[in-house]
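A.B. asks: Have a look at the structure that comes next, please.
Numbering (the numbering used here), first residue to last: -12 to 207.
Written out as structure tokens, the structure reads:
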């Protein structure tokens, strides 16, 4: 594998891109998931229908098809042309948000059962209850589910190769095309993915152990 040292800058840039896309995708997905969960729990009938259509579409269709839809079809319909990295961010965020909505809704409902009525009895308006009681505790309960989402998203970034994003796997494909050494190259990339994902999961386990709420079961 020593020959890969000649491509170290290339590999590092690809890995950084993968990390950025993963974290931004999950981060934006969290925001979408919170909004979707709040809409499903507290919204009216129309909002709930919109949320359910969004969730079912992105959970029920292939990620690669979603990438093609946003990168190729969206510009044809709207005239707005997205670069590959922006299309990747948007697709992964929408996909992740659809899954996180389920985790976050379960976490919010767990807090709702225990503390929502108590907060209402103190005279707190709904907005403050959501901001200071429901959402902060829901985010702590949902950390184990985020572990699964981060791992899934990290692996899903490899799909971005189909629209030309220079993520980590794509750099490996380019190196193989130049060196004709697929075994060593793909083995190295697989090992790096494993170490990175395993480390993220362990870090989140430590974080959850420190912030978990006694009496409230985690949402997985």
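For glycine and all other residues, C-beta sits at the position ideal for the given N, C-alpha and C.
Specify whether the stretch 128 to 147 and the stretch 104 to 116 touch according to this definition: at least 3 beta carbon pairs, one from each stretch, less than 8 Å apart.
C.D. replies: As far as the Cβ criterion goes, the stretch 128 to 147 does not touch the stretch 104 to 116, which means the pair count is below three.
A.B. asks: In its own chain, which residues sit with a C-beta less than 6 Å from the C-beta of residue 126, not counting the 5 before and 5 after it?
C.D. replies: Against the chain shown, residue 126 aligns to sequence position 139. Nothing listed; no residue qualifies.
A.B. asks: For residue 201, which of helix, strand or coil comes out of DSSP?
C.D. replies: Walking along the chain shown from the start, residue 201 turns up at place 214. Residue 201 falls in the coil class under three-state DSSP.
A.B. asks: Do the stretch 84 to 97 and the stretch 114 to 126 touch if we need at least three Cβ pairs shorter than 8 Å?
C.D. replies: Yes, the stretch 84 to 97 touches the stretch 114 to 126.
A.B. asks: Is it true that the CB of residue 86 sits closer than 8 Å to the CB of residue 11?
C.D. replies: Numbered from 1 along the chain shown, position 24 holds the residue referred to as residue 11. Numbered from 1 along the chain shown, position 99 holds the residue referred to as residue 86. No.
A.B. asks: Near residue 91, which residues of its chain fall below 7 Å by C-beta distance, leaving aside the five closest residues on each side in sequence?
C.D. replies: Residue mapping note: residue 91 aligns to position 104 of the chain shown, counting from 1. Cβ neighbours of residue 91 beyond the five flanking positions: 20, 21, 24, 125, 129.
A.B. asks: For residue 167, name the three-state secondary structure that DSSP assigns.
C.D. replies: If you number the chain shown from 1, residue 167 lands on position 180. Coil, per DSSP.
A.B. asks: Ordered along the chain, which non-local residues of its own chain (more than five positions away) have a Cβ less than 6 Å from that of residue 34?
C.D. replies: In the chain shown, residue 34 corresponds to position 47, counting from 1. Around residue 34: 26.
A.B. asks: Determine the closest residue to residue 172 out of 150, 183, 158, 185, with distance taken between C-alpha atoms.
C.D. replies: Looking up residue 172 in the chain shown gives position 185. Of the candidates 150, 183, 158, 185, the one whose C-alpha sits nearest the C-alpha of residue 172 is 158.
A.B. asks: Give the single residue among 18, 113, 169 whose Cα lies nearest to the Cα of residue -10.
C.D. replies: In the chain shown, residue -10 corresponds to position 3, counting from 1. Checking every option, the nearest Cα to that of residue -10 belongs to 169.
A.B. asks: Measure the C-alpha to C-alpha separation of residue 152 and residue 28 and round it to an integer number of angstroms.
C.D. replies: Start at 1 with the first residue of the chain shown, and residue 152 comes out as number 165. Start at 1 with the first residue of the chain shown, and residue 28 comes out as number 41. Spanning the two alpha carbons is a distance of roughly 37 Å.
A.B. asks: Leaving out five residues on either side along the sequence, give the residues of the same chain with a beta carbon under 8 Å from the beta carbon of residue -6.
C.D. replies: Residue mapping note: residue -6 aligns to position 7 of the chain shown, counting from 1. Excluding sequence neighbours, residue -6 sits near 158, 162.
A.B. asks: How many Å lie between residue 150 and residue -8 at the Cα?
C.D. replies: Locating residue 150 in the chain shown gives position 163, counting from the first residue. Locating residue -8 in the chain shown gives position 5, counting from the first residue. About 27 Å.
A.B. asks: What number of angstroms, rounded off, separates the C-alpha of residue 57 from the C-alpha of residue 182?
C.D. replies: For the purposes of this step, residue 57 is identified with residue 70 of the chain shown, where counting begins at 1. For the purposes of this step, residue 182 is identified with residue 195 of the chain shown, where counting begins at 1. Near 31 Å, if we compare the C-alpha coordinates of residue 182 and residue 57.
A.B. asks: Confirm, please, whether the CB-CB distance from residue 0 to residue 210 is below 8 Å.
C.D. replies: With the chain represented from -12 up to 207, any question about residue 210 goes unanswered, as that position is not in the structure.
A.B. asks: By alpha-carbon positions, which one of 52, 199, 89, 114 ends up nearest to residue 17?
C.D. replies: For this step, residue 17 is matched to residue 30 along the chain shown. Here the closest residue by C-alpha is 89.
A.B. asks: Since residue 179 contacts residue 2 with CB under 8 Å, what's their CB separation in whole angstroms?
C.D. replies: What you label residue 179 is simply residue 192 of the chain shown in a count that begins at 1. What you label residue 2 is simply residue 15 of the chain shown in a count that begins at 1. About 7 Å; that satisfies the 8 Å criterion.
A.B. asks: What does the alpha-carbon distance come out to for the pair residue 118 and residue 104?
C.D. replies: Taking the first residue of the chain shown as position 1, residue 118 is located at position 131. Taking the first residue of the chain shown as position 1, residue 104 is located at position 117. For residue 118 and residue 104, the distance between alpha carbons rounds to 15 Å.
A.B. asks: Find the nearest neighbour of residue 80 within the set 190, 102, 42, judged by alpha-carbon distance.
C.D. replies: Translated into positions along the chain shown, residue 80 becomes position 93. Among 190, 102, 42, the Cα nearest to that of residue 80 is on 42.
A.B. asks: Roughly how many angstroms separate the alpha carbons of residue 49 and residue -3, rounded to a whole number?
C.D. replies: Residue numbering aside, residue 49 sits at position 62 when the chain shown is read from its first letter. Residue numbering aside, residue -3 sits at position 10 when the chain shown is read from its first letter. Approximately 29 Å between the Cα atoms of the pair.
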